[in-house]
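Residues 6 to 479 in the numbering used here are what the sequence shown spells out, letter by letter.
Below is one structure, written out as structure tokens, with a few remarks after it.
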Amino acid sequence: MVLKKDFLWGGAIAANQAEGAYKEDGKGLSLVDILPAGEERREALFNPEVALSKEYSHYPSHEAIDFYHTYQEDIKHFAEMGFKVFRTSISWPRIFPKGDEAEPNEKGLEFYDQLFDECRKYGIEPLVTLNHFDTPLYLIEEYGGWRNRKLVGFYERYAKVVLDRYKDKVKYWLTFNEINMLLHIPFFGGGLIIKDDENANQVKYQAAHHQLVASSLATKAAKEINGENFMIGCMLAAAEIYPYTCHPDDMLKSVKENQKQYFFIDVQSRGEYPSYTNRLFRELNVKIEMEPSDEALLKAYPVDFISFSYYSSRLTSADPEVNKKSTSGNAFKSLKNPYLQASDWGWQIDPIGLRVTMNQLYDRYQKPLFIVENGLGAVDELTADGTVEDDYRIEYMREHLKQMIEAVDDGVDLIGYTSWGCIDLVSAGTGEMKKRYGFIYVDRDNEGNGTSERYKKKSFYWYKEVIETNGECL
Ligand code: BGP
């Protein structure tokens, strides 16, 4: 058996894409709560100033799949599949509705007490992200989001409260979801609204520095509160970026693009800014403002493990004319790889890319890895007898899991695997329900209509067997 006996199999969701109850029990608004669905969402993400002043007809995160009220039923389903781990996030504005209050919202804290207790009841280990795209809206309107150093302190206060509160219920924590998203969709990742006359790179990398410091402060707090009983991880939207051809120029371009991708994790794992940033920042005209203690803090509190999402590999060329043909699935641009098929949303499907990415990450950091997102977004049809014949999803996952096991056989130390959207939820990129990832179908459509009933898909039973046999049946 290649995988360890205690390998953590499970699934992942995020608060803002599942919970709904967007104003219940004192919750404040997050940046996601002002985002609409479909084409309008794309516009809003890249033009947040407009989004902030506009009224849309439908806000998917307001009701989402109502997980706030259905979590008991849903976790029971996860337990039936045999989950050992369940990844979710804490909604920051449930705990600090505006973000800058002195005291937390007790009602919000109680919800997560119940949620984590429910997981533990079935022996499911919660894996908790502190910030999954849902920075409190007030911190954006009042402080300008993560460009403002004050957010470091607000985040630290929030982190301390939840780390302390759930110290006996949660062992695995992630400080920021897909921290590199900040460079690609700055509003999502950092609540940033960047003006046309600003050096966008300066704003983004300064905000990135603030998040890196905040992440170290959370790790510091975690170690002080619970020592080695906590495992703190970073989280990267990972995808090896291949060279378009074997021309040395393309290879160099791929090395440089990969460095930009790994930048955040280089700091979070090794505890210092990598030397390639000297040239990168010079060329981008970026100057990071640091406080005197920042460097020592980053060095003293690196993460314990590296987690990442993987959906696709990417492809880049050194020739700007060729690169112009890059298209974007959502956040990340890539050239078309002639050897790969793509999903309905244009995400290129590359199981071997997962093995490549795992090898690269492990070689680079020599710390345990955790795959915390992977899966296929697809249109599902509910049959008359209340199931979904999602063989395409099974096929996608089988091929990825086989490559995951190959990577472990290559020598990679892997803690676990949580598939993305183990129950259908609102898509982050499109805001739609039509893009489904789950093993469990939720009867809700793009406009939020439907009964919200849950139905087990074919993949539900397939994944159950994968877990039961610890991957041996693949
Ligand atoms: C990642 C996010 C998730 C999730 C996933 C799939 O970027 O961390 O929140 O949604 O991508 O993306 P989408 O929902 O756009 O299909």
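Cβ atoms here follow ideal geometry from the backbone N, Cα and C, with glycine treated the same way.
Since this is a predicted model, take the numbers as computed values, not measurements.
Distance between Phe-337 and Gly-434, taken at the CA atoms: about 11 Å.
Inter-residue distance for Leu-8 and Leu-406 is about 11 Å (C-alpha atoms, whole angstroms). The continuous alpha helix (DSSP H) containing Tyr-367 extends over residues 356 to 370. Taking a C-beta distance under 8 Å as the contact criterion, Gly-391 and Ser-348 do not qualify as a contact pair.
For the options Leu-479, His-74 and Tyr-143, the alpha carbon positioned closest to that of Arg-403 is the one of Leu-479. Cβ-Cβ separation between Tyr-460 and Ile-445: approximately 7 Å, consistent with a contact (criterion under 8 Å). For Met-236, the enclosing beta strand (DSSP E) stretches over residues 236 to 242. At a cut-off of 7 Å, the beta-carbon of Ala-433 counts as near ligand 1: some heavy atom of the ligand is closer than that. Ser-312 carries a strand assignment under DSSP once its states are collapsed to helix, strand and coil. For Ala-389, the three-state secondary structure derived from DSSP is coil.
8 Å or more divides the Cβ of Val-90 from the Cβ of Leu-120. Considering only Ser-96, Ser-221 and Asp-309, the residue with the shortest C-alpha distance to Pro-141 is Ser-96.
DSSP links Arg-459 through a beta bridge to Val-447. Leu-8: not part of any beta strand (DSSP E); DSSP gives it neither H nor E. Straight-line measurement puts the Cα of Tyr-64 at about 11 Å from the Cα of Gly-43. Taking all protein chains shown into account, Leu-257 has fewer than 16 neighbouring C-beta atoms within 10 Å of its C-beta and is therefore exposed. In the structure shown, Leu-374 falls within a strand segment according to DSSP collapsed to helix, strand and coil. Below 8 Å, too few C-beta pairs join the region 52 to 59 and the region 13 to 24 to call them touching: fewer than three. Looking only at Met-295, Ser-333 and Leu-197, the smallest Cα-Cα distance to Ser-317 is reached by Ser-333. Less than 8 Å separates the beta-carbon of Val-157 from that of Ala-219.
DSSP places Val-272 within a helical segment (H, G or I) once states are collapsed to three. In the DSSP assignment, Leu-419 falls within the unbroken beta strand (DSSP E) covering 419 to 425.
Relative to ligand 1, even the nearest heavy atom lies 7 Å or more away from the CB of Gln-266. Residue pairing by DSSP places Glu-130 opposite Val-90 in a beta bridge.
Here Gln-273 is buried, its C-beta having at least 16 other C-beta atoms within 10 Å. Distances taken from the Cβ of Ser-314 to the heavy atoms of ligand 1 include one shorter than 7 Å.
A distance criterion of 7 Å places the beta-carbon of Ala-383 beyond contact range of ligand 1, judged by its closest non-hydrogen atom. Residue pairing by DSSP places Pro-141 opposite Ser-35 in a beta bridge.
Excluding the 5 residues flanking it on each side, Ser-221 has same chain C-beta neighbours closer than 7 Å at Leu-302, Leu-303 and Tyr-306, in chain order. Under the three-state reduction of DSSP output, Ile-428 falls in the strand class.
By the CB criterion at 8 Å, Val-308 and Ile-230 fall outside the cutoff.
The beta carbon of Phe-116 sits closer than 8 Å to those of Asp-30, Tyr-73 and Arg-99, all from its chain and outside the five residues before and after it, given in chain order.
Rounded to the nearest angstrom, the gap between the Cα atoms of Asp-385 and Met-438 is 10 Å.
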